[in-house]
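Chains as they are written, first to last, in the working numbering: chain S, 178 to 291; chain E, 283 to 395. Don't be surprised by glycine CBs; every beta carbon is placed ideally from N, CA and C.
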């Protein structure tokens with residue numbers, strides 16, 4: 178069964194600090210992995226997308242890594258800001274006859290405080 | 283370019299009723315997907331429509347159905363509502379297939395009492 182597990186479930190950090198969110202998956206055959214940011218009351222917004230051959234991708238202060246061998250990904254946030262407070266969702270896409278099947282993690286709730 | 287819009291934004295229904303949610307994709311996007319988001323289960327894929335045809339389907343009961351119109355607008359219907367259907371329903375659009383970025387709407391918050 179395809180699964181995506183994220184840790185920690187929630188996290189509180191001080192503004193300016195760095196943090197790393199984890200995503201472990203058991204999805205096959207693997208197509209790609211996405212990280213989304215979801216602000217409260219809004220739809221998710223894509224941060225990064227990585228395919229099998231990519232092991233790191235950055236989007237401003239967000240850097241995602243992918244280890245396809247261990248089936249792990251991480252999202253590193255540098256110099257956090259209050260606006261980074263949100264839910265971060267890891268989504269893994271599996272190839273499935275004629276299309277793709279998405280498996281979602283339940284997210285990491287990040288709160289950045291002064 | 284306008285983003286994905288969903289109507290209504292909030293809805294309260296009673297058990298046993300049915301509900302229809304609407305999604306207008308970004309202009310030019312032909313694929314529309316629907317998701318259910320609950321605190322315990324996270325985001326779960328309902329179905330995807332492309333050019334008025336259902337292209338993918340998640341593991342939801344037949345009470346959940348959808349359709350897409352020729353202008354790519356999509357509707358989702360839930361019949362015989364249950365308390366467990368209370369959730370945020372998100373719609374996402376993209377130009378065509380998996381390789382293109384998916385853009386989410388703000389969602390419709392459905393509460394079933």
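Own chain, CB closer than 7 Å to residue i, minus 5 neighbours either side, in chain order
{"i": "residue 283 of chain S", "result": "183"}
{"i": "residue 287 of chain E", "result": "306 and 387"}
{"i": "residue 209 of chain S", "result": "226, 227, 228 and 270"}
{"i": "residue 238 of chain S", "result": "254, 255 and 256"}
C-beta contact flag for residue i and residue j at 9 Å
{"i": "residue 329 of chain E", "j": "residue 339 of chain E", "result": "yes"}
{"i": "residue 271 of chain S", "j": "residue 287 of chain S", "result": "no"}
{"i": "residue 281 of chain E", "j": "residue 372 of chain E", "result": "Nothing can be reported for residue 281 of chain E: it is not among the residues displayed for chain E, which extend from 283 to 395."}
{"i": "residue 259 of chain S", "j": "residue 291 of chain S", "result": "yes"}
{"i": "residue 348 of chain E", "j": "residue 316 of chain E", "result": "yes"}
{"i": "residue 213 of chain S", "j": "residue 223 of chain S", "result": "yes"}
{"i": "residue 198 of chain S", "j": "residue 253 of chain S", "result": "yes"}
{"i": "residue 179 of chain S", "j": "residue 203 of chain S", "result": "yes"}
For residue i, the three-state DSSP class (helix, strand or coil)
{"i": "residue 244 of chain S", "result": "strand"}
{"i": "residue 291 of chain S", "result": "coil"}
{"i": "residue 324 of chain E", "result": "strand"}
{"i": "residue 356 of chain E", "result": "strand"}
{"i": "residue 348 of chain E", "result": "strand"}
{"i": "residue 260 of chain S", "result": "helix"}
{"i": "residue 252 of chain S", "result": "strand"}
{"i": "residue 363 of chain E", "result": "coil"}
{"i": "residue 189 of chain S", "result": "strand"}
{"i": "residue 283 of chain S", "result": "coil"}
Status (buried if at least 16 other CB within 10 Å, exposed otherwise) for residue i
{"i": "residue 266 of chain S", "result": "buried"}
{"i": "residue 241 of chain S", "result": "buried"}
{"i": "residue 299 of chain E", "result": "exposed"}
{"i": "residue 403 of chain E", "result": "The question about residue 403 of chain E has no answer, for chain E in this structure spans 283 to 395."}
{"i": "residue 221 of chain S", "result": "buried"}
{"i": "residue 189 of chain S", "result": "exposed"}
{"i": "residue 233 of chain S", "result": "exposed"}
{"i": "residue 285 of chain S", "result": "buried"}
{"i": "residue 367 of chain E", "result": "buried"}
Enclosing beta strand (DSSP E) for residue i [first to last residue]
{"i": "residue 198 of chain S", "result": "196–203"}
{"i": "residue 291 of chain E", "result": "Neither: residue 291 of chain E is in no beta strand (DSSP E) and is coded neither H nor E."}
{"i": "residue 390 of chain E", "result": "390–394"}
{"i": "residue 335 of chain E", "result": "335–339"}
{"i": "residue 371 of chain E", "result": "369–376"}
{"i": "residue 208 of chain S", "result": "207–215"}
Same chain, Cβ closer than 6 Å to residue i, five either side skipped, listed in chain order
{"i": "residue 268 of chain S", "result": "211, 279 and 281"}
{"i": "residue 359 of chain E", "result": "302 and 347"}
Beta-carbon proximity list for residue i, same chain, < 8 Å, skipping 5 on both sides
{"i": "residue 389 of chain E", "result": "288, 291, 319, 370, 371, 372 and 373"}
{"i": "residue 293 of chain E", "result": "301, 303, 390, 391, 392 and 393"}
{"i": "residue 361 of chain E", "result": "300, 345 and 347"}
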